[in-house]
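Protein sequences, first through last, are from chains S, Z, U and C.
Under the working numbering, the first residue of the first sequence is numbered 1, with each subsequent residue one higher.
Under the working numbering, the first residue of the second sequence is numbered 1001, with each subsequent residue one higher.
Under the working numbering, the first residue of the third sequence is numbered 2001, with each subsequent residue one higher.
Under the working numbering, the first residue of the fourth sequence is numbered 3001, with each subsequent residue one higher.
A virtual CB, placed ideally from N, CA and C, is assigned to each residue, including glycine.
All values derive from a computational prediction rather than experimental measurement.
What follows is a set of notes on a single structure, which appears directly below.
4 protein chains.
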Amino acid sequence: MNMDNTVEIRVRYADTDQMGVVYYANYFVWLEIARTEFLRQLGIDYKSIEEKERLSLPVIEAWCRYKAPACYDDIVLIRTYLSQLRNTSLEFEYEIFNKKTNQLLAKAGTQHVFINSQRRPVKIPEKINSLLEKVVLSNK
Amino acid sequence: MNMDNTVEIRVRYADTDQMGVVYYANYFVWLEIARTEFLRQLGIDYKSIEEKERLSLPVIEAWCRYKAPACYDDIVLIRTYLSQLRNTSLEFEYEIFNKKTNQLLAKAGTQHVFINSQRRPVKIPEKINSLLEKVVLSNK
Amino acid sequence: MNMDNTVEIRVRYADTDQMGVVYYANYFVWLEIARTEFLRQLGIDYKSIEEKERLSLPVIEAWCRYKAPACYDDIVLIRTYLSQLRNTSLEFEYEIFNKKTNQLLAKAGTQHVFINSQRRPVKIPEKINSLLEKVVLSNK
Amino acid sequence: MNMDNTVEIRVRYADTDQMGVVYYANYFVWLEIARTEFLRQLGIDYKSIEEKERLSLPVIEAWCRYKAPACYDDIVLIRTYLSQLRNTSLEFEYEIFNKKTNQLLAKAGTQHVFINSQRRPVKIPEKINSLLEKVVLSNK
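As structure tokens, this is what we get:
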């Protein structure tokens, strides 16, 4: 994750399909990496959330609009935004670019809810919330 | 694909993640299977579209709302609808159920455009269009 | 799983890569399905092994020899054999065929060990062992 | 790829399964990344081999021995060796480590053959062969 909330991912052969481009479901794996690194840069370690706080942050909604294909060995650059922050849930938005050409390849979003080990929604822990509040777009 | 536009898929161990449920991106792989079988039942063989018509039908938008988790070894049942049919594009909607409990696990949608080998949008071939027209919901 | 220890799997678009054939790692996902159904037919439910016995059966070695490619929408037929049965471990071997042409596409094998929740190897439970003994090739 | 033939990969949530560790088939995706970067460092761009030389290098055999699990968010370090170089084929071997603990997680190997667009084996192109000869272990 760079200082401008971007992460770079090189397209793997495994990501492609016989259309010669990246299979559409694989973009959602990239989004996971992008938001994890976004959180890490804020000082929020998702692994610790699961292991220490016994909370998890499953996806409750996801979408992606595909504008141009990503191809094998391309480096894609994903910019992540925290677009909404609520009591128990939050939303990320993403822009995926071809790093070399700067072409926008896709826009995407994911909505998440904090749940405990009984899979019940819980309030976002205070320490995490205060870090997120600094960067949420909906506050601005 | 059964007569009621449903397809059954057994959850693979590979589909799960360490949260103990199916990883969110894998639902989109299921949608691909559901729409392929939906088309096959109408008499439309997607493989032939690519090989004989030299057309393909990439996803230009996809979304999923997750309501309850799918778990290892569950059989999920996916019901597919053709929700929109336009000149060059079409939209599917999907409902994913746990077969045993009938619980609705997710709702989803995908939008597609017919493109030729130069990746240009093309009119849906007449033969395919006439088969799709019979089942599209937006006509009703 | 049919009576002759085979399972059928239709190749998904997601399974292919830009070489136009199934990506090599995906065969190992098929092996998981094949051995799960092999066990189920013997009366051994792998999900219960994890949930009730608190044991699991991770792979400690895997190999595959690829002889001919599997392609999109093909139906592959996987035949599973229990090739070795030991105190704490067992081995499966697999043959993967194109169902339509009967062509042998790949041969493969996996070795597994029963472990408990502390990830220690444990003796195969007696009930499971007696079911496996009936079909192991190394006994014959 | 570092100077010592290693590549680092961070374990994705998508890589894990409900056993809480990386699913066994996903190691083979890592091997693909490791050998691609190994070749790139030698000055061999696999993408160009496919696009310009119209050749490809499919896997004809693959194996992995799993010694200890890789877990979510771990950084694994993969060291790649060219273990055999023949007229039309070559073999890689790999060691996968946990970067933090230096623990060896797995050993693996893949065998490949150069094929043309008719899927016939072909002699390794001279320019590529001379770069590979410098690093092959079997020459030493």
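Does any residue of chain U bring its CB to less than 8 Å from the CB of R1086/Z?
-> no
In the segment 1043–1061 of chain Z, which residues sit with their C-beta less than 7 Å from some C-beta in chain S, listed in chain order?
-> S1056, P1058, V1059, I1060, E1061
I2078/U (DSSP reduced to helix, strand or coil) | strand
DSSP state of A1014/Z mapped onto helix, strand, coil = helix
Give me whichever residues DSSP pairs with R3065/C in a beta bridge.
-> E2061/U, K3107/C
Output, in sequence order along the chain, the residues in the segment 2065–2085 of chain U whose CB is closer than 7 Å to any CB in chain C.
-> R2065, Y2066
Can you tell me which of G43/S, E51/S, K107/S, Y46/S puts its alpha carbon nearest to the alpha carbon of L77/S?
-> K107/S
Kindly indicate the opening and closing residues of the beta strand (DSSP E) around E3095/C.
-> 3089–3098
At a Cβ threshold of 8 Å, is F38/S touching chain Z?
-> no
Proximal chain U residues relative to F3028/C, where beta-carbon distance stays under 8 Å = Y2024, A2025, F2028
Would you say R12/S reaches chain C, if we count a Cβ-Cβ gap shorter than 8 Å as a contact?
-> yes
What's the call for S3056/C, buried or exposed, on a 16-neighbour Cβ count within 10 Å?
-> buried
Tell me where the alpha helix (DSSP H) around E3133/C begins and ends.
-> 3126–3133
Quick one: measure Cβ to Cβ for V3136/C and D3074/C, integer angstroms, because I've assumed they're closer than 8 Å.
-> Not quite, the Cβ-Cβ distance comes to about 30 Å (not below 8 Å), so this is no contact.
Name the chain U residues whose beta carbon is nearer than 9 Å to that of Q18/S?
-> Y2013, T2016, D2017, Q2018, M2019, G2020, V2021, C2071, Y2072
Considering only the beta carbon of each residue, do L1104/Z and E1091/Z sit closer than 8 Å?
-> no
Terminal residues of the alpha helix (DSSP H) in which T2101/U lies | From DSSP, T2101/U is part of no alpha helix (DSSP H); its letter is neither H nor E.
Residue range of the alpha helix (DSSP H) that L42/S falls in?
-> 26–42
Tell me, please, whether the CB atom of I1033/Z is closer than 8 Å to any CB atom in chain U?
-> yes
Checking contacts by CB at 8 Å: is N2116/U closer than that to chain C?
-> no
Cα separation between G3020/C and I1128/Z?
-> 45 Å
Can you say whether N1102/Z is buried or exposed, counting buried as having 16 or more other CB atoms within 10 angstroms of its CB?
-> exposed
Residue range of the unbroken alpha helix (DSSP H) whose run includes E1051/Z = 1046–1051
C-beta contact flag for A62/S and C1064/Z at 8 Å | yes
So, is T16/S buried or exposed, given that buried needs 16 or more other C-beta atoms within 10 angstroms?
-> buried
Rounded Cβ spacing between V1113/Z and P1121/Z (contact assumed at less than 8 Å) | 5 Å
For L162/S, does the three-state DSSP call read helix, strand or coil?
-> This structure cannot settle anything about residue 162/S, because the visible part of chain S is limited to 1 through 140.
In three-state DSSP terms, what is S3117/C?
-> coil
Cα-Cα separation, Q111/S to S117/S | 19 Å
Applying the criterion that 16 or more other CB atoms from any shown protein chain within 10 Å of the CB defines a buried residue, is N1087/Z buried or exposed?
-> exposed
Give the single residue among E1032/Z, I1060/Z, L1042/Z whose Cα lies nearest to the Cα of D1004/Z.
-> L1042/Z
By Cβ distance below 6 Å, which residues in the same chain neighbour I60/S in space, the five residues on each side in sequence not counted?
-> Q111, V113
Neighbour-count burial assignment, R1035/Z, 16 or more Cβ in a 10 Å radius | buried
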